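Visitor: Numbering (my numbering), first residue to last: 264 to 687.
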Amino acid sequence: MCSLPMRPVARTSRSNRTSTCGPGGVWGDCVGQKTAMPRDCTSPQDNDCDGLPDNTLDNVCKCEIGAKEACNTHPQDGIGICKAGSRTCVALQGGSASDWSACSGGQGPKARNCASSQDNDCDGVPDNTLDNVCKCQIGATRKCDTHPQDGVGICKAGTQTCVATQSGAGSDWGSCTGSQGPKARDCSSSLDNDCDGVPDGGTGGPAFVKVPEGYCIDSTEVTRAQYQAWLNTNPSTAGQPVGCEGNKTFQPDATCLTGTNVCQTGCSQHPQVCIDWCDAYAYCQAVGKRLCGSIAGGHVDAARGNDFTASQWYNACTSHGRHAYPYGGAFDYDFCALGASTAPVASHNDCQSKVNGYRGIYDLSGNVQEWEDACNGDNCFVRGGWYYDDDRSGGLPCNGGSQTPRTQNRMSPGMGTGFRCCSR
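1) What number of angstroms, rounded off, separates the C-alpha of A593 from the C-alpha of L659?
2) Below 8 angstroms on the Cβ atoms is my contact criterion, and I expect G568 with T667 to pass it. Report the Cβ-Cβ distance as a whole number of Å.
3) Cutting at 7 angstroms between CB atoms, please list the residues of its own chain near G681, excluding the five before and the five after it.
4) Classify L627 as helix, strand or coil using the three-state DSSP reduction.
5) With 8 angstroms set as the bound, which would you pick, yes or no: does the beta-carbon of E327 sit closer than that to a beta-carbon of chain C?
6) State the DSSP-derived secondary structure class of G358, mapped to helix, strand or coil.
7) Can you tell me whether Y596 is helix, strand or coil according to DSSP?
8) Suppose you measure from the CA of T670 to the CA of N662; what does that come to, to the nearest Å?
9) For V272, which residues from the same chain have a beta carbon less than 6 angstroms from its beta carbon, with the 5 sequence-adjacent residues on both sides left out?
10) Touch check for the segment 460–480 and the segment 569–581: three-plus C-beta pairs under 8 angstroms?
11) With which residues is Y588 paired in a DSSP beta bridge?
12) Inspect the CB distances between the segment 410–423 and the segment 455–466 and report whether three or more fall short of 8 angstroms.
13) Using 8 angstroms as the Cβ pair cut-off and three pairs as the minimum, do the segment 363–376 and the segment 340–352 touch?
14) Shortest alpha-carbon distance to D313 belongs to which of N322, D449, M300, K325?
15) From D626 to G509, what does the alpha carbon distance come to, in whole angstroms?
16) In whole angstroms, what separates the C-alpha of C397 from that of A432?
17) Is the Cβ-Cβ distance between Q400 and P389 less than 8 angstroms?
18) Thinking just about the alpha-carbon of each residue, which of W493, V505, D564, A488 is nearest to the one in A549?
19) Please specify which runs of the beta strand (DSSP E), each continuous and at least 3 residues long, are wholly inside the segment 375–434, giving them in chain order.
20) Output yes or no for whether 8 angstroms exceeds the beta carbon distance between D516 and P676.
21) Three-state secondary structure (DSSP) at C284?
22) For the alpha helix (DSSP H) that W649 lies in, which residues bound it at each end?
23) Whole angstroms are fine: how far does the CA of G287 sit from the CA of R270?
24) Leaving out the 5 sequence neighbours to the left and right, which residues in its chain are closer than 6 angstroms to G584 when beta-carbon positions are compared?
25) Among S442, A566, G602, N619, which one has its Cα closest to the Cα of P589?
26) Out of curiosity, what's the CA-to-CA distance linking F598 and T605?
27) Looking at C-alpha atoms only, which residue of T440, T428, E327, T336 is the closest neighbour of G421?
28) For Q690, report the span of its alpha helix (DSSP H) as first-last.
29) Closest to C334 by C-alpha separation, out of N322, A347, C326, E327, would be which residue?
30) Which one of C450, D455, W436, G437 has the shortest CA to CA distance from G444?
31) With the cut-off set at 8 angstroms, would you say C385 and C352 are in Cβ contact?
32) Work out the CA separation of S379 and N310 for me, nearest whole Å.
33) Pick helix, strand or coil for D481, following the three-state DSSP scheme.
34) Check whether the Cβ atoms of N240 and N672 lie closer than 8 angstroms to each other.
35) In angstroms with no decimal places, state the Cα-to-Cα distance between C425 and S349.
36) What beta strand (DSSP E) runs, 3 residues minimum, are completely inside the segment 537–569?
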C-alpha cells in the first residue's frame, strides 16, 4: 500500500525500474526497466552492463572495427617492390566481437632478375643495373672475335648473346659464334677466302685450272670477247708497272688488227691479239689475277724461264717437267691450232695435257704465243709459239726450242701474240 499524496508519487527500485503510487494507495506498473544486452564492439556504451564501455579492447573486442594497420613488414619496405601488407579489423558474432582480418598486399624482397627493370631484391637499384653479377643485358648481342678484314670476302666478326645465369639472378656473355677470319687463298674458289677484296679465282676471263703445285692458270688464252668486256669498263691507264709509263691506251693496235692473218669476223672466241705486254699485265690485274710469272709470286727471273719449279707457265706446259709439249713428248702437227690464222680457244681437244692435274689447260702450244711476266729489260718472254709456227721454227715446244724462250719488246703488239693469266 502507498499513501496517495496530493499528487502521484514515484519510487525507484534497485533495478532502476520506476513505479507510481496510484489511486487507492496501490503502486502502479513498473516502467523503464533495462536489462543487459549483447556487447557491441563499436559502441562506447556499456550495453552488456559489465561496468565498461563495449568498445573497450580486450580478448573479445580485439580491435576497433574498421581500423587498419600494417602487417607483414620488412626492413626494406618502401624500397623497390618491397612494401608492408594491410589488415582490417572486422566484426565477428554480429558485432559482439572483433578481430583482425588476414594480412594482404605485403611484398618482401625476391631473387634478383637481371632481365627486369624493377628492383625485385629491394636493394635500391633496378635489377638490370649492370655490375659484376648482371654483367650484360639479357638478350643483348655484341661482336666478338673481330678481324681487320671483317665485311670483306668471307671475313666476319662473331656474335655473343647475353644469357641468364643463376636462374636469372645473374647474366654473362655466351660463347662467340659465327666468326670467320681470313683463310689461305684458294684460286679454284669463287669466294674471297683471304679477304683481300677480290674473289680468289678472279672476277673475269677464262676459268681457272688448279695445278698440283697449288696455283691456278687460265684454261685458255683470254678471248677477244673477254678482253672487250674489260675495255667496256673504261679502265684507267694510271698505276701501270715500271716500263709501261708510255702505254696510254689498252686498246688493241688498230694497224695490227687489219693484218692479213688476223681474224676479221666471228672472232669473239678467238684469242685476243695485237696487244702489248703492258695491256696483258693490266687486264690480268684488273680481273683479280696476274700475268703468269713466278710460282713463288711476282715475275720470273729471265734466267729461270725454262725452270718448271720457277715458272707458272712453263710448269703447266710441261706437266711439271714431264713433257716437251703440253700433250706429250713428241710433236704432232694435228694436235694444236696451227695454220693461217687463230682458232677459237680450246677448239683442239688434243692440245692439252693427259696428266691428271694439268688436264683442261688448252693451247699452251700454237694458236697464239703468250706474254709472260718474265722480262730482261724491255724484252719479255712470249711462250708456246703461234699458229704460223711449225716444229722446225722452234717456237712450239714448251721451252721455245732453245735454252731461252722467245722474247718480244714489251710495247710491241703482234698479230700472233696473246696472253693468259695465272693466280696471284
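Yeah, the Cβ is synthetic: ideal placement off N, Cα and C, and Gly gets one too.
Here the structure is a predicted model, which means the values were calculated and not measured.
Guide: The structure says:
1) 11 angstroms
2) Indeed they touch by this definition, with Cβ atoms about 7 angstroms apart.
3) E484, V485, P534, Q535, V536, V631, E633
4) coil
5) Given the protein chain composition of this structure (a single chain), no chain C is represented.
6) helix
7) coil
8) 12 angstroms
9) With a pLDDT of only 49 at V272, under 50, the local geometry of the prediction cannot be trusted, and the value read off the model is given with reservation. Here the set comprises C284.
10) yes
11) G591
12) yes
13) yes
14) M300
15) If you take the alpha carbons of D626 and G509, they lie about 31 angstroms apart.
16) So the two alpha carbons sit approximately 7 angstroms from each other.
17) no
18) W493
19) 404–407, 421–428
20) yes
21) strand
22) No residue range can be given for W649, since it is assigned to no alpha helix (DSSP H) and is classified by DSSP as neither H nor E.
23) In this predicted model, R270 has a pLDDT of only 47, less than 50, meaning its place in the structure is not dependable enough to derive any value.
24) Excluding positions up to five away in sequence, the list reads F571.
25) The candidate whose alpha carbon is nearest that of P589 is N619.
26) 14 angstroms
27) T440
28) Given a span of 264 to 687 for the chain in the structure shown, any question on residue 690 remains unanswerable.
29) A347
30) D455
31) Contact annotation: C385 and C352 have beta-carbon atoms that are not nearer than 8 angstroms.
32) When only Cα atoms are considered, N310 and S379 end up about 57 angstroms apart.
33) strand
34) Residue 240 lies beyond the residue range present for the chain, which begins at 264 and ends at 687; the question has no answer from this structure.
35) For C425 and S349, the distance between alpha carbons rounds to 40 angstroms.
36) none
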